[in-house]
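Residue numbers (my numbering): 534 to 934.
Every residue, glycine too, gets a C-beta built ideally from N, C-alpha and C.
Small disclaimer: the values here were computed from a predicted structure and weren't measured.
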Ligand code: EPZ
């Protein structure tokens with residue numbers, strides 16, 4: 534099990550805060566990481582992969598503060614470059630990320646947070662332009678616990694003058710990972726993982742070496758693979774404490790889960806029982822596992838209820854699962870899934886990262902062959918998915934697009 538892409542991305546952008554060489558390990562080899570590397574290189578950084586999973590980032594020659602449209606449009610997480618660029622140059626221009634397949638995903642919370650640190654922010658010609666000759670610590674209450682906004686504010690506040698108190702901060706493990714790395718760089722950050730984070734600005738940040746935390750969403754995906762195929766799976770390096778809510782749902786569905794120090798294993802006999810899920814900010818049930826659990830619900834012995842409360846349009850897998858015979862009724866942000874004894878393999882279309890993996894999971898349990906099209910969505914966040922699933926006994930292969 535590799536490192537989390539959603540940890541690695543902000544960690545890569547954190548390297549903009551120093552002109553010393555940073556070394557990350559356990560960096561997953563997925564397309565979004567490559568996009569972030571291209572963005573850093575475009576700004577003038579040197580990004581190298583000396584060995585598998587390792588990354589060396591040298592931002593000493595960075596002389597650009599513009600994150601261009603062609604990269605930000607590919608990956609919304611690029612917007613998290615805004616905070617560190619602002620801290621480094623006192624100005625930054627980052628393309629407006631716009632909507633994406635799973636919802637409109639505005640950036641108002643990022644902008645409100647950075648404004649409280651003294652940045653003047655304008656939107657012009659499709660770009661968000663921030664200026665702050667001097668960032669000054671402040672008291673910020675986020676309107677909602679946005680992961681990206683918490684990261685942007687943290688990375689700007691570490692270089693601001695004075696103390697920042699950030700309330701209603703996101704509590705995801707990725708935030709703790711970022712805080713740990715910033716502390717290694719010389720920052721003073723307290724409280725990450727709780728909803729109040731305190732940051733004391735420092736004059737200069739230095740190098741860090743950091744191993745990216747393991748990917749809880751990828752781990753959860755493999756556990757669902759075990760559950761949906763009525764088998765056994767052990768996910769090495771998975772951290773049960775990061776997966777509490779999904780593990781409880783898997784247990785409600787009838788899985789036997791074993792939480793070990795550095796792995797989680799699961800055994801499932803027979804059909805899953807129906808279950809209820811409502812996505813929520815961490816430590817609630819992650820929206821990034823909603824599609825995978827819906828695939829599981831499609832085979833349950835009864836009706837499951839799935840509420841998506843984070844994104845307004847994250848049910849695009851529903852119509853594809855229906856093509857495989859799933860019985861899913863949608864009412865607003867609620868899906869009622871009547872489980873079937875079997876799904877039937879069909880050609881289906883991937884629409885986003887997690888939706889596409891849910892179709893692969895459904896395909897594992899379906900009778901006959903399932904062909905997932907637009908599989909490049911998978912490559913944004915899953916490393917060696919086919920070979921890992923093959924090791925679990927799946928009959929899966931990639932065909933040339
Ligand atoms: C992060 O996105 C993840 N991405 C997403 O993972 C994940 O789904 C999401 O957090 C929620 O857990 C990365 O970490 C790179 P948010 P982020 O800001 O930071 C609304 C995946 O599949 N909002 O916490 O963009 C927003 O529209 C991806 O790996 C505002 O209204 O998520 C959403 O409804 C997809 N205004 C909610 O907050 C803002 O300014 C949570 O978004 C910011 C967000």
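Pairwise C-alpha distance: residue j and residue i
i, j, result
"residue 927", "residue 571", "34 Å"
"residue 904", "residue 891", "13 Å"
"residue 627", "residue 616", "10 Å"
"residue 623", "residue 689", "10 Å"
"residue 836", "residue 922", "28 Å"
"residue 737", "residue 718", "9 Å"
"residue 815", "residue 902", "36 Å"
"residue 871", "residue 839", "11 Å"
"residue 563", "residue 578", "20 Å"
"residue 674", "residue 609", "23 Å"
"residue 534", "residue 744", "13 Å"
"residue 729", "residue 706", "14 Å"
"residue 605", "residue 663", "16 Å"
"residue 561", "residue 760", "25 Å"
"residue 832", "residue 855", "12 Å"
"residue 702", "residue 645", "13 Å"
"residue 768", "residue 695", "43 Å"
"residue 642", "residue 732", "18 Å"
"residue 593", "residue 575", "13 Å"
"residue 846", "residue 869", "16 Å"
"residue 668", "residue 653", "10 Å"
"residue 910", "residue 589", "26 Å"
"residue 867", "residue 620", "41 Å"
"residue 818", "residue 749", "12 Å"
"residue 875", "residue 861", "14 Å"
Heavy atom of the ligand EPZ within 7 Å of residue i beta-carbon
i, result
"residue 747", "no"
"residue 535", "no"
"residue 713", "no"
"residue 641", "yes"
"residue 886", "yes"
"residue 579", "no"
"residue 671", "no"
"residue 681", "yes"
"residue 542", "yes"
"residue 677", "yes"
"residue 843", "yes"
"residue 704", "no"
"residue 916", "no"
"residue 932", "no"
"residue 707", "yes"
"residue 610", "yes"
"residue 638", "yes"
"residue 819", "yes"
"residue 846", "no"
"residue 944", "This structure leaves residue 944 out entirely; the chain is present only between 534 and 934."
Beta-bridge partners of residue i, as assigned by DSSP
i, result
"residue 725", "727"
"residue 664", "624, 653"
"residue 698", "672, 731"
"residue 567", "For residue 567, which the question treats as bridged, DSSP gives no partner whatsoever."
"residue 834", "DSSP, once it has assigned bridges, lists no residue as partnering residue 834."
"residue 880", "904"
"residue 611", "Answer is none; residue 611 lacks a bridge partner."
"residue 768", "797"
Residue i - containing beta strand (DSSP E), residue span
i, result
"residue 915", "It is not in any beta strand (DSSP E) - residue 915 carries neither H nor E in the DSSP assignment."
"residue 798", "796-800"
"residue 811", "809-811"
Three-state class that DSSP yields for residue i in the structure shown
i, result
"residue 648", "helix"
"residue 552", "coil"
"residue 540", "helix"
"residue 743", "strand"
"residue 862", "strand"
"residue 868", "strand"
"residue 779", "helix"
"residue 840", "strand"
"residue 857", "coil"
"residue 534", "coil"
"residue 573", "helix"
"residue 828", "helix"
"residue 849", "coil"
"residue 792", "strand"
"residue 590", "strand"
"residue 557", "strand"
"residue 924", "helix"
"residue 605", "helix"
"residue 692", "coil"
"residue 600", "strand"
Continuous alpha helix (DSSP H) stretch holding residue i: start and end
i, result
"residue 892", "886-898"
"residue 749", "749-761"
"residue 707", "706-717"
Contact with chain D by residue i, beta-carbon distance below 8 Å
i, result
"residue 884", "You won't find chain D in this structure, because it holds only one protein chain."
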